[in-house]
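Enquirer: Going down the list, the protein sequences come from chains P and W. Each residue of the first sequence is one higher than the one before, starting from 1 at the first, in the working numbering. Each residue of the second sequence is one higher than the one before, starting from 254 at the first, in the working numbering. From the three backbone atoms N, C-alpha and C, an ideal C-beta is built for every residue, glycine too. Dropping the structure in here first, questions after.
Number of protein chains: 2
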Amino acid sequence: MPRYALLVAYDGAPFVGWQRQVNGLSVQQVLEEAAAPLNGGVTPQTVASGRTDAGVHAEGQVVQVDLSLDLPPERLREALNTRSRPHPVSVLSVARAPEDWSARFSARGRAYRYRILNRRPRPALEIGRVWHVPQPLDAAAMHEAAQRLLGRHDFSAFRAASCQAKDALRTLDTLDVVRDGELVVVWTAARSFLHHQVRNLVGTLAEVGLGRRPVSWPRAVLDGRDRTKAGQTAPPDGLTFLRAEYPDPLDWC
Amino acid sequence: MPRYALLVAYDGAPFVGWQRQVNGLSVQQVLEEAAAPLNGGVTPQTVASGRTDAGVHAEGQVVQVDLSLDLPPERLREALNTRSRPHPVSVLSVARAPEDWSARFSARGRAYRYRILNRRPRPALEIGRVWHVPQPLDAAAMHEAAQRLLGRHDFSAFRAASCQAKDALRTLDTLDVVRDGELVVVWTAARSFLHHQVRNLVGTLAEVGLGRRPVSWPRAVLDGRDRTKAGQTAPPDGLTFLRAEYPDPLDWC
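So this is what it looks like as structure tokens:
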């Protein structure tokens, strides 16, 4: 069976998350049901590079699927986009992938963006796409605190209680905090992330940005390895999965 | 009664448009009902600088309202934003305005942006915010055609049948078409616009962008003054009211 890689964008708001769940519609279910007619009517199984939570968006999620049909990538993209209507899920590109390629395990890097709307008036056009923080944030202080978290550490303090990873050792490559007008944008990249890691890092950095904690505090939280000492889990709305990187680039249509 | 100017952003998707209508919720109704407790419980009347249609968004709509209470602008902004929840309407700023100031009749300029998502895959995160045109558009040809429409003309060919303006003479100051990656963005400014004028101009320019009509065609349509000869009315989703300009700048909070 040919293996395909799908580059997928979605609005996370109406979904229970990437992963199939009994309590509602997932992005995975939308894509698998759209692909079933291309797989002899049998619903195929998909694997994503990053399993985003409910409300988290994607601009470049990478998804793996094996189908019985051998299709030109453009035709598969068109078929999936026709069949996934009217859900806010779009297959941007398709590539044929080697049999031993895994969207999840072959990925060598993942990148996310987190957007905070930092102004007094509440969001209107930005509803569901930002975390609204009405008090002024010091983005430079947040950035300085963030730089002290880079590198290989035990990120137990920033993992969800529900996190299923065997250990919490991760290497954080990028954690930049940049002000862009009324937005404070956090850019982060790593080989992989723990469950809720980005949202817990953002919630912790926000305490520094609000002036409630010193620039040194997030590093002290990291070193303490105690989740109950970190800041709040920032809401999913502001988070977007941007891309996954693979050692052998795929030939996207 | 003090007169206030409100700078308002909204997502047009859930509304029947700016103006009150019997068949559904309008932005005007949301703001007027939010303001009623600040006007002795009496629902005040608002006037907008541009009466946007259903589905059309605003980043900087200017709205006029007279209230019985004399409030600091910041307090009025906070009160309206609290009371207009959970609708996607946000009062960004408030100014005290002179008694003879009119959001509609004092405006000397209005600016709109129209966004076309010009790629094969359908929108996901951009749903409701763009017009999706899957065939390649020649933005440079659209821009060239647009320049021939600038200046003072009878825009009868680009006005809606329902347009209530006494005449169709308008002066188009800006009509720029710019490609920005997968987006083709139309920027336009004029003292005032006719009903559906921007959407009819965009629909007509798109015919040129698709190569179905020559660059000279939109000007020929203008000169013909016949609405039935122009392109389609582009959908409201891509249109955003950006700002209104006044000869005496307001003192926004």
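Compute the Euclidean distance between the alpha carbons of residue 408(W) and residue 419(W), then round it to the nearest angstrom.
Expert: 12 Å
Enquirer: In chain C, what lies closer than 7 Å to residue 123(P) by C-beta?
Expert: Of the protein chains in this structure, namely P and W, none is chain C.
Enquirer: Taking the alpha-carbon of residue 285(W) as reference, which of 483(W), 373(W), 325(W) and 337(W) has the nearest alpha-carbon?
Expert: 337(W)
Enquirer: Mapping DSSP to helix, strand and coil, what is residue 204(P)?
Expert: helix
Enquirer: What would DSSP say about residue 406(W), mapped onto helix, strand or coil?
Expert: strand
Enquirer: Specify the secondary structure class of residue 397(W) as computed by DSSP and reduced to three states.
Expert: helix
Enquirer: Measuring only between beta-carbons, confirm whether residue 288(W) sits less than 9 Å from chain P.
Expert: no
Enquirer: Would you report the Cα separation of residue 42(P) and residue 138(P), rounded to the nearest angstrom?
Expert: 52 Å
Enquirer: For residue 40(P), I'd like the list of residues in its chain whose CB is within less than 7 Å of its CB, leaving aside the five on either flank, ordered along the chain.
Expert: 68
Enquirer: Report the option in 498(W), 451(W) and 496(W) whose CA atom is closest to the CA atom of residue 484(W).
Expert: 451(W)
Enquirer: Output, in chain order, the set of chain P residues within a Cβ distance shorter than 9 Å of residue 332(W).
Expert: Result: empty, since nearest Cβ-Cβ is about 12 Å, beyond 9 Å.
Enquirer: Would you check if the segment 237-253 of chain P and the segment 48-68 of chain P touch, i.e. whether three or more CB-CB distances between them fall below 8 Å?
Expert: yes
Enquirer: Would you say residue 107(P) and residue 13(P) are within 9 Å of each other, going by their C-beta atoms?
Expert: no
Enquirer: Which residues, in order along the segment 5-18 of chain P, keep a beta-carbon less than 7 Å from a beta-carbon of chain W?
Expert: 9, 10 and 11
Enquirer: Rounded to whole angstroms, what is the Cα-Cα separation between residue 170(P) and residue 281(W)?
Expert: 51 Å
Enquirer: Would you verify that the beta carbon of residue 93(P) is, or is not, closer than 9 Å to some beta carbon of chain W?
Expert: yes
Enquirer: So is residue 369(W) in contact with chain P if we call contact Cβ pairs under 9 Å?
Expert: no
Enquirer: How would you call residue 446(W), buried or exposed, if buried means at least 16 neighbouring beta carbons within 10 angstroms?
Expert: buried
Enquirer: Grab the span of the beta strand (DSSP E) containing residue 60(P) for me, first residue to last.
Expert: 57-66
Enquirer: Whose CA, out of 235(P), 205(P), 252(P) and 11(P), lies closest to the CA of residue 229(P)?
Expert: 205(P)
Enquirer: Is it buried or exposed, residue 264(W), if we count other Cβ atoms within 10 angstroms and call 16 or more buried?
Expert: buried
Enquirer: Using only the alpha-carbon positions, how far apart do residue 434(W) and residue 368(W) sit?
Expert: 12 Å
Enquirer: Could you tell me which whole alpha helix (DSSP H) segments of length 4 or greater appear in the segment 324-357 of chain W?
Expert: 326-336
Enquirer: Give me the subset of the segment 289-323 of chain W whose CB atoms are less than 9 Å from a CB atom of chain P, sorted by chain position.
Expert: For the segment 289-323 of chain W, residues whose beta-carbon sits nearer than 9 Å to a beta-carbon of chain P comprise 310, 311 and 312.
Enquirer: Please report how far the alpha carbon of residue 255(P) lies from the alpha carbon of residue 23(P), in whole angstroms.
Expert: The displayed coordinates of chain P run from 1 to 253. Any statement about residue 255(P) would go beyond what the structure contains.
Enquirer: Check residue 221(P) in the structure and name its three-state DSSP category.
Expert: helix
Enquirer: With 9 Å set as the bound, which would you pick, yes or no: does the beta-carbon of residue 373(W) sit closer than that to a beta-carbon of chain P?
Expert: yes
Enquirer: Can you name the start and end residues of the beta strand (DSSP E) that residue 175(P) belongs to?
Expert: 169-180
Enquirer: So, with DSSP's three-state summary, where would you put residue 31(P)?
Expert: For residue 31(P), the secondary structure class from DSSP, reduced to helix, strand or coil, is helix.
Enquirer: In the DSSP output, what is residue 444(W) paired with across the bridge?
Expert: Beta-bridge pairing links residue 444(W) to no other residue.
Enquirer: Where residue 349(W) and residue 327(W) are concerned, what is the direct C-alpha to C-alpha distance, given to the nearest angstrom?
Expert: 11 Å
Enquirer: Is the CB of residue 179(P) under 9 Å away from at least one CB in chain W?
Expert: Chain W, which has no Cβ nearer than 9 Å to the Cβ of residue 179(P), makes this no.
Enquirer: How about residue 496(W): is its C-beta nearer than 9 Å to some C-beta of chain P?
Expert: no
Enquirer: Residue 301(W) and residue 357(W): beta carbons closer than 9 Å?
Expert: yes
Enquirer: Residue range of the beta strand (DSSP E) that residue 246(P) falls in?
Expert: Unbroken run through residue 246(P): none, as it is neither H nor E.
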